[in-house]
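> Residue numbers (the numbering used here): 152 to 239.
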(Lines of atoms letter the chains of each structure in order from A and count residues from 1; the text may use other names and numbers.)
(Lines give C-alpha, C1' and ligand atoms only; values in the text may rest on other atoms or scores of the structure.)
Protein backbone atom coordinates (compact mmCIF):
# COMPACT_ATOMS: atom_id res chain seq x y z
CA UNK A 1 0.00 0.00 0.00
CA UNK A 2 2.72 2.50 0.93
CA UNK A 3 4.61 1.71 -2.27
CA UNK A 4 1.48 2.38 -4.33
CA UNK A 5 0.85 5.69 -2.58
CA UNK A 6 4.51 6.65 -2.99
CA UNK A 7 4.38 5.91 -6.72
CA UNK A 8 1.18 7.93 -7.14
CA UNK A 9 2.63 10.88 -5.23
CA UNK A 10 5.88 10.78 -7.24
CA UNK A 11 3.88 10.96 -10.47
CA UNK A 12 1.81 13.89 -9.22
CA UNK A 13 4.89 15.72 -7.90
CA UNK A 14 6.79 15.28 -11.16
CA UNK A 15 3.89 16.62 -13.22
CA UNK A 16 2.83 19.36 -10.78
CA UNK A 17 5.93 20.24 -8.72
CA UNK A 18 4.60 23.54 -7.42
CA UNK A 19 0.97 22.57 -6.87
CA UNK A 20 1.14 18.87 -5.98
CA UNK A 21 -0.64 19.37 -2.66
CA UNK A 22 -3.80 20.56 -4.42
CA UNK A 23 -3.97 17.15 -6.10
CA UNK A 24 -3.81 15.14 -2.87
CA UNK A 25 -7.60 14.72 -2.57
CA UNK A 26 -7.62 13.06 -6.01
CA UNK A 27 -4.76 10.75 -5.05
CA UNK A 28 -6.59 9.84 -1.84
CA UNK A 29 -9.85 9.18 -3.70
CA UNK A 30 -8.04 7.05 -6.29
CA UNK A 31 -6.31 5.01 -3.58
CA UNK A 32 -9.48 4.51 -1.55
CA UNK A 33 -11.44 3.52 -4.68
CA UNK A 34 -8.93 0.89 -5.83
CA UNK A 35 -10.09 -2.70 -5.23
CA UNK A 36 -7.70 -4.75 -3.10
CA UNK A 37 -6.76 -8.23 -4.28
CA UNK A 38 -6.78 -9.39 -0.64
CA UNK A 39 -10.36 -8.36 0.13
CA UNK A 40 -11.98 -7.90 -3.26
CA UNK A 41 -13.16 -4.51 -2.00
CA UNK A 42 -11.94 -0.95 -2.05
CA UNK A 43 -10.97 0.69 1.27
CA UNK A 44 -14.15 2.74 0.94
CA UNK A 45 -16.25 -0.42 0.70
CA UNK A 46 -14.34 -2.08 3.54
CA UNK A 47 -14.62 0.84 5.96
CA UNK A 48 -17.94 2.73 5.67
CA UNK A 49 -19.48 -0.10 3.63
CA UNK A 50 -20.07 1.69 0.34
CA UNK A 51 -18.23 3.26 -2.57
CA UNK A 52 -18.96 7.00 -2.63
CA UNK A 53 -19.63 8.45 -6.05
CA UNK A 54 -17.10 10.74 -7.64
CA UNK A 55 -19.72 13.38 -8.32
CA UNK A 56 -22.33 14.31 -5.68
CA UNK A 57 -25.21 14.21 -8.17
CA UNK A 58 -24.62 10.47 -8.48
CA UNK A 59 -25.01 9.94 -4.74
CA UNK A 60 -27.83 7.86 -3.41
CA UNK A 61 -30.20 9.52 -0.98
CA UNK A 62 -29.09 9.55 2.64
CA UNK A 63 -29.65 6.47 4.73
CA UNK A 64 -30.85 6.15 8.27
CA UNK A 65 -28.53 5.30 11.14
CA UNK A 66 -29.77 1.69 11.37
CA UNK A 67 -29.23 1.24 7.61
CA UNK A 68 -25.73 2.69 7.89
CA UNK A 69 -24.89 0.40 10.82
CA UNK A 70 -26.15 -2.69 8.96
CA UNK A 71 -24.09 -1.73 5.94
CA UNK A 72 -20.98 -1.06 8.04
CA UNK A 73 -21.36 -4.37 9.91
CA UNK A 74 -21.78 -6.25 6.61
CA UNK A 75 -18.67 -4.54 5.20
CA UNK A 76 -16.63 -5.40 8.30
CA UNK A 77 -17.76 -9.04 8.26
CA UNK A 78 -17.09 -9.43 4.53
CA UNK A 79 -13.68 -7.75 4.74
CA UNK A 80 -12.64 -9.78 7.79
CA UNK A 81 -13.65 -13.04 6.07
CA UNK A 82 -11.70 -12.10 2.93
CA UNK A 83 -8.60 -11.24 4.95
CA UNK A 84 -8.88 -14.51 6.91
CA UNK A 85 -9.08 -16.47 3.63
CA UNK A 86 -6.06 -14.59 2.29
CA UNK A 87 -4.04 -15.37 5.43
CA UNK A 88 -4.59 -19.14 5.10
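Note that the Cβ used here is the ideal one computed from N, Cα and C, for glycine as well.
What does a CB cutoff of less than 6 Å around residue 159 pick up in its chain, not counting 5 residues either side in sequence?
178
> How about residue 237 and residue 189: are their beta carbons less than 8 Å apart?
yes
> Taking 8 Å as the threshold (C-beta atoms), are residue 223 and residue 194 in contact?
no
> Where does residue 215 sit, in a helix, a strand or coil, going by DSSP?
Assignment of residue 215 by DSSP, reduced to helix, strand and coil, places it in the coil class.
> Cα separation between residue 201 and residue 220?
12 Å
> Taking the alpha carbon of residue 196 as the point to measure from, which residue in 171, 154 and 231 has its own alpha carbon closest?
231
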